[in-house]
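Accompanying notes for the structure given below.
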Amino acid sequence: METNLGLATVVYLPYDEDIKCDDLESYSSVSSFDDDIWDLDLYVKGTRRKIYFASIPAKYRNYAKEYALRRLHHLVAAATVDSNVTGLRYFFIWMDDNHPKLPLLRVSSKLIDEYEMYLKLDGSVKKSTKEGIWTACSQFFRTMKGHPEFPERSPVRKGNPFSRTAVDRIHEERYIPDEVARQLDVIFRDQEIPLALRVCYWICRLIPSRIGEVITIPIECLRSYGGDYYILTLNMFKQNGGYLVPEKRMIQIKYSDMGKYLVDLIKEQQIVANKYQYLCKENQKDRLFIYPPYNFYKNKGENGKYIECANVKKVELLSDVNFRRFLKNISYRNSIKDKDGNEVTVTSHAFRHNAITDRIYENFNLLEIKDMTHHKTTAMIAQSYVHADESKLVKKAQMITGERDERFAGRIIANAMRFDQILKMPRSQRLGHIGVCSDATGCKNDLYECLGCEYFVPNIDNLDEFIADRKKFEEQLAFYKNMPYMLENIKAKISQLDVVIERIRKSMEDTNE
1377 METNLGLATV
1387 VYLPYDEDIK
1397 CDDLESYSSV
1407 SSFDDDIWDL
1417 DLYVKGTRRK
1427 IYFASIPAKY
1437 RNYAKEYALR
1447 RLHHLVAAAT
1457 VDSNVTGLRY
1467 FFIWMDDNHP
1477 KLPLLRVSSK
1487 LIDEYEMYLK
1497 LDGSVKKSTK
1507 EGIWTACSQF
1517 FRTMKGHPEF
1527 PERSPVRKGN
1537 PFSRTAVDRI
1547 HEERYIPDEV
1557 ARQLDVIFRD
1567 QEIPLALRVC
1577 YWICRLIPSR
1587 IGEVITIPIE
1597 CLRSYGGDYY
1607 ILTLNMFKQN
1617 GGYLVPEKRM
1627 IQIKYSDMGK
1637 YLVDLIKEQQ
1647 IVANKYQYLC
1657 KENQKDRLFI
1667 YPPYNFYKNK
1677 GENGKYIECA
1687 NVKKVELLSD
1697 VNFRRFLKNI
1707 SYRNSIKDKD
1717 GNEVTVTSHA
1727 FRHNAITDRI
1737 YENFNLLEIK
1747 DMTHHKTTAM
1757 IAQSYVHADE
1767 SKLVKKAQMI
1777 TGERDERFAG
1787 RIIANAMRFD
1797 QILKMPRSQR
1807 LGHIGVCSDA
1817 TGCKNDLYEC
1827 LGCEYFVPNI
1837 DNLDEFIADR
1847 KKFEEQLAFY
1857 KNMPYMLENI
1867 KAKISQLDVV
1877 IERIRKSMED
1887 TNE
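Using my numbering, read the sequence shown as starting at 1377 and increasing by one per residue.
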């Protein structure tokens, strides 16, 4: 059976009585069914491998564990299962508070409607969290259908009333403001920050990567070529479905400036990782982000510092959870604030948003960024990862074309002979039939960048065409309303056309007078 939940299609497999509690042994050598934390050290899908059940009310906990085991059996990533279990926690706590004596067998669509209304009225829970809660409940009842203690039909209707729109998914809060990024850059230049954390930070900061790709980097990840360049190899589990053999992602780094700084940091971390290989567990071997335990010391009036343990008897492998916790702590201890004085906590994934947006500012196009990030298409990049600031785009454009005042520098030509005279000039070039560039030397702009250039000489006979183009772009505004990057480009083109149209009309009025 398959159903649609918001933007995704989910396939539900029927309840399988052959899946027993002992089957957890297939996924973990260290955890049993009764444990409240499952460490899935034998599970190959994904980089996060723990599932937490302790926060679920005791009387529902075994149901959640059975559900999780069946999800694992259906090859769902451990991180996804853990997220589903977290979503169920909200529902079970609500059940325990409002219907403590009602068995799950008696859960009806009417009760689910009651829970939906409760979620809608709860302003303390984000829409993204509500979407996850509803998805988890829907999957839970469908996965457990056939179990003797569950309804024969799922009480949760198809569709997710909390599905987020493309606008909801932009996550503006994920973009790190420039002033915050600069503060963090200074902090992570500090030699007293543990090396593994500095390496992880600068890879995330400089290369648009998922944290799962970074923390799974192997020790032998660097290869030099051509004298001045290095290739950094990252493992990607998400793009290939997360199974045994990861997809390789190759990043070219020039060995100069920040590229040199990053490569040298990675080489230092390689030395540390190789040094402690003899202490590594099986799942830690040959991984770059191995580090000895650290203790944090703080004197009054100081930010504190990390001290490596003297007698190293075990090592740690950096995880996404540990790195996220460290970013939170470092932001708090150093009072990281935005320009309005608000305290800011950043996430590792926010650096991916920044890295992609920064490349937009540097005139990379979406196809080039797609090749760099290994997205399968450009749709996700345009919809969710680009946080372009129009003022910055204008500033970049002015750096390329030169700062101009507000006056329209192009001349309005209504005389065919004058057009021919301009075209005879060595620097001029015809722009189709819409006008002439009076200085095209070395220019590589596209047609609509020409409209805002001071050397553009529009053809007065093409006024109707300029108006038609403007109407065409205006119609596209609604279509691209959920894609900020495309929307800003279209608005810029309309603005350029408005200037050209207005000046041509003004010229025609002056001529008639």
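Each residue gets a CB set at the ideal place from its N, CA and C atoms; glycine is no exception. Just so you know, these numbers come straight off a predicted model, no measurement behind them.
Could you compute how far the alpha carbon of residue i sits from the alpha carbon of residue j?
| i | j | result |
| --- | --- | --- |
| Y1605 | L1582 | 16 Å |
| E1658 | N1460 | 28 Å |
| T1609 | F1467 | 42 Å |
| D1640 | C1580 | 16 Å |
| R1846 | T1733 | 27 Å |
| F1516 | R1447 | 9 Å |
| L1445 | Q1852 | 48 Å |
| F1526 | E1568 | 55 Å |
| R1533 | R1518 | 10 Å |
| S1504 | A1455 | 16 Å |
| S1407 | K1867 | 57 Å |
| N1865 | Q1872 | 11 Å |
| D1874 | E1841 | 12 Å |
| A1773 | P1668 | The predicted position of A1773 is uncertain, since its pLDDT is 48 and thus under 50; no value can be drawn from it. |
| S1514 | I1488 | 10 Å |
| F1727 | E1555 | 14 Å |
| V1452 | P1524 | 24 Å |
Sorted by chain position, which residues of the same chain lie with C-beta nearer than 7 Å to residue i's C-beta, five sequence neighbours on each side aside?
| i | result |
| --- | --- |
| S1600 | Y1606 |
| S1707 | V1720, T1721 and V1722 |
| Q1628 | Y1605 and I1607 |
| I1870 | R1846, F1849 and E1850 |
On the criterion of 16 or more Cβ atoms from any shown chain inside 10 Å, does residue i qualify as buried, or is it exposed?
| i | result |
| --- | --- |
| Q1559 | buried |
| V1590 | buried |
| K1704 | exposed |
| A1430 | exposed |
| R1574 | buried |
| A1440 | buried |
| F1538 | buried |
| D1662 | exposed |
| E1779 | A caution first: E1779 carries a pLDDT of 46, below 50, which makes its placement in the model unreliable, though a value can still be read off. Looking at its Cβ environment, which holds fewer than 16 other Cβ atoms inside 10 Å, E1779 is exposed. |
| N1380 | Model confidence at N1380 stands at a pLDDT of 37, short of 50, so the residue's coordinates are unreliable and nothing is read from them. |
| N1671 | exposed |
So the beta strand (DSSP E) residue i belongs to, where does it begin and stop?
| i | result |
| --- | --- |
| D1415 | I1413 to D1415 |
| E1623 | E1623 to K1630 |
| Y1605 | Y1605 to M1612 |
| R1652 | It is Tyr, not Arg, that sits at residue 1652 in the sequence shown. Y1652 -> no beta strand (DSSP E), and no H or E assigned at all. |
| Y1428 | K1426 to Y1428 |
So the alpha helix (DSSP H) residue i belongs to, where does it begin and stop?
| i | result |
| --- | --- |
| S1707 | D1696 to R1709 |
| S1459 | A1454 to N1474 |
| T1505 | K1503 to T1519 |
| F1842 | L1839 to F1855 |
| I1579 | L1571 to L1582 |
| L1448 | A1434 to H1449 |
| S1485 | S1485 to L1497 |
| R1558 | D1554 to I1563 |
Enumerate in chain order the residues of its own chain whose CB-to-CB distance from residue i is below 8 Å, with the five nearest sequence positions on each side excluded.
| i | result |
| --- | --- |
| N1611 | E1589, T1592, I1593, P1594, P1622, E1623, K1624 and R1625 |
| V1697 | R1424 |
Strictly under 8 Å for the Cβ-Cβ distance: is residue i near chain D by that measure?
| i | result |
| --- | --- |
| S1871 | Looking for chain D here will not work: only one protein chain is present. |
On the DSSP bridge list, what partners appear for residue i?
| i | result |
| --- | --- |
| R1663 | P1594 |
| L1693 | I1666 |
| N1718 | For N1718, which the question treats as bridged, DSSP gives no partner whatsoever. |
| R1599 | I1607 |
| K1713 | E1719 |
| H1729 | H1729 is not bridged to any residue. |
Cutting at 6 Å between CB atoms, please list the residues of its own chain near residue i, excluding the five before and the five after it.
| i | result |
| --- | --- |
| V1722 | I1552 and L1703 |
| Y1891 | One cannot answer for residue 1891 here, as it falls past the ends of the chain, which runs 1377 to 1889. |
| Y1428 | I1413 |
| W1510 | N1536 and F1538 |
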